[in-house]
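All residue numbers for the sequence shown refer to the numbering used here, where the first residue is 5 and numbers rise by one. The beta carbon of each residue, even a glycine, is placed where N, CA and C say it ideally should be.
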Amino acid sequence: MKLTLDGAVDSFLDYLVIEKGLAPNTIRAYARDLRAYHETLEGLGIDVPERLTRDALEIHAIRLSRRGLTPASRARMLSTLRHFHRFLAREGSGPEGVGDRVSRPKLPRRLPAVLTIQQVEVLLEQPDGTPLGLRDRAMLEMAYGAGLRVSELCGLGLDSIVDAQQVVMVTGKGGKQRVVPYGRAAAKALTRYLAAGRPFLASGRVTPHVFLNARGGPLSRVGFFKRLKQHAAAAGIERRVSPHVLRHSFATHLLEGGADLRLVQELLGHADISTTQIYTNIDTRHILEAHRAFHPRAR
């Protein structure tokens, strides 16, 4: 019995979950990309993987560009489809090389948005002493102090915190684990939250998550983002502040303070140092600004 296109998609998603161990949010993104591709293929009358061609994938790439998607979004979607085609070829369910030479959108190399140290300090002072405020302060301190992704932050379990050493055990992308220090300021905020904020929010419920919402369940990424925006507005920060901006600021301030690039790579959980190297561009700008400000021959 021949594998249908639907069956091929299901097999690929199962592979990503079982063998690659990708996070649920990543799996959902892959599934969305594949659904859009499926619609294109149906319009072309392709219903089995053996009939997939490079021309069909190019037609889908053109459709994506006409939808007004950003180059980054199109590049991510086409990356999903290249992985899909390689999987099918390995399994003997589809032709070789379908996704290898599909034109890729040109991506501008943009520097990550960062806050100044002063802006971070003002932001951290915004949460009040209520249970929710204690939680927010602890989350902000952990996001900036440890450079955590928002999914890592919201997914922290009580058993992942090692108080004595002020480190946290983090499970990042692809299920990879790393140990990240979070520092004294975050430790102080976390201790206050665990002692006076979390018990109130939990209301007697037993849950392994560190950060809880007002109903005692785990705080979602969207929930944290909303609170972060409120605190950023209260701090007078006009630019858009996302959880990833705190992560970018963590990396940039470490490099500006003299940290080694390899260390920052390890703390961020980047598999490839080229992902971390973009922060050196920010660090260079910082050095140039300092040189222009203080060197008598540079003014």
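(message) Using a 10 Å radius around the Cβ and a threshold of 16 neighbouring Cβ atoms, would you call ILE241 buried or exposed?
(response) buried
(request) Enumerate in chain order the residues of its own chain whose CB-to-CB distance from GLY149 is below 7 Å, with the five nearest sequence positions on each side excluded. (result) TYR186, GLY187, ALA189 and ALA190
(request) Decide if the region 79-94 is in contact with the region 120-130; the criterion is three or more beta carbon pairs, one per stretch, under 8 Å apart. (result) no
(request) To the nearest angstrom, report how far apart ALA117 and PHE254 are at their CA atoms. (result) 11 Å
(message) By the DSSP assignment, the alpha helix (DSSP H) with PRO75 in it spans what residues?
(response) 75-95
(message) Going by C-alpha to C-alpha distance, which of VAL183, LEU61 and LEU194 sits closest to LEU267?
(response) VAL183
(request) Give the C-beta separation of LEU152 and VAL214 to the nearest angstrom, bearing in mind that I take them to be a contact with Cβ-Cβ under 8 Å. (result) Not quite, the Cβ-Cβ distance comes to about 11 Å (not below 8 Å), so this is no contact.
(request) Measure from the C-beta of GLY25 to each C-beta in chain D and report whether the shortest distance is under 8 Å. (result) Structure shown: chain D not included; a single protein chain is present.
(request) For CYS158, collect the residues of the same chain with a Cβ closer than 7 Å to its Cβ; drop the 5 residues on either side in sequence, then sort them by chain order. (result) PHE215, PRO222, LEU223, SER224, ARG225 and PHE228
(request) Give the straight-line distance between the Cα atoms of MET98 and VAL13, rounded to the nearest whole angstrom. (result) Note on residue identity: the sequence assigns Gly, not Met, to residue 98. The alpha-carbon atoms of GLY98 and VAL13 are separated by roughly 12 Å.
(message) Within 10 Å of its beta-carbon, does VAL249 have 16 or more other beta-carbons around it, so buried, or fewer, so exposed?
(response) buried
(message) Quick check on VAL13: does DSSP put it in helix, strand or coil?
(response) helix
(request) Enumerate in chain order the residues of its own chain whose CB-to-CB distance from ILE277 is below 8 Å, with the five nearest sequence positions on each side excluded. (result) Residue placement at ILE277 is flagged as unreliable, the pLDDT there being 49, under the threshold of 50; the coordinate-derived value follows with that caveat. LEU265, ARG266 and GLN269, listed in sequence order.
(request) Could you tell me which uninterrupted alpha helix (DSSP H) segments, each at least 4 residues in length, are contained entirely in the region 90-178, listed from first to last along the chain? (result) 121-128, 135-150 and 154-158
(request) Leaving out five residues on either side along the sequence, give the residues of the same chain with a beta carbon under 8 Å from the beta carbon of GLU23. (result) none
(request) Grab the span of the beta strand (DSSP E) containing GLY53 for me, first residue to last. (result) In the sequence on display, residue 53 carries Pro and not Gly. First-last for PRO53: undefined, no H or E at that position.
(request) Please look up how many angstroms separate the CB atoms of LEU127 and ALA239, rounded, as I've assumed it's under 8 Å. (result) 5 Å
(request) Please classify ALA76: is it buried, with 16 or more other beta-carbons within 10 angstroms of its beta-carbon, or exposed? (result) Classification for ALA76: exposed.
(message) Could you compute how far the alpha carbon of ARG86 sits from the alpha carbon of VAL102?
(response) 8 Å
(request) Could you pull the start and end residues of the beta strand (DSSP E) that ARG251 belongs to? (result) Here ARG251 belongs to no beta strand (DSSP E); instead the alpha helix (DSSP H) covers 247-260.
(message) Using a Cβ-Cβ cutoff of less than 6 Å, which residues in the same chain neighbour LEU119 once the five nearest sequence positions on both sides are dropped?
(response) Only SER253 meet the Cβ criterion.
(message) Can you look up ARG219 in the DSSP assignment and give me helix, strand or coil?
(response) It is coil, neither helix nor strand.
(message) Once DSSP output is grouped into helix, strand and coil, what is the label at PRO212?
(response) coil
(message) Please state the DSSP three-state secondary structure of ARG182.
(response) strand
(request) Going by CA-CA distance only, name the one from SER155, LEU136, SER164 and VAL174 that's closest to ALA193. (result) LEU136
(request) Return the CA-CA distance between LEU20 and VAL154, expressed in angstroms with no decimal places. (result) 22 Å
(message) Going by DSSP, what residue range makes up the alpha helix (DSSP H) through GLY187?
(response) 187-196
(request) Express the C-alpha separation of ARG39 and THR8 in angstroms, rounding to a whole number. (result) 14 Å
(request) Express the C-alpha separation of ALA79 and GLY72 in angstroms, rounding to a whole number. (result) 13 Å
(request) Let me know the secondary structure DSSP gives GLU23 once reduced to three states. (result) In the structure shown, the three-state DSSP call for GLU23 is coil.
(message) If distances are taken between C-alpha atoms only, which option among GLY49, ASN217, LEU272 and SER15 comes closest to ASP140?
(response) The shortest C-alpha separation from ASP140 is found at ASN217.
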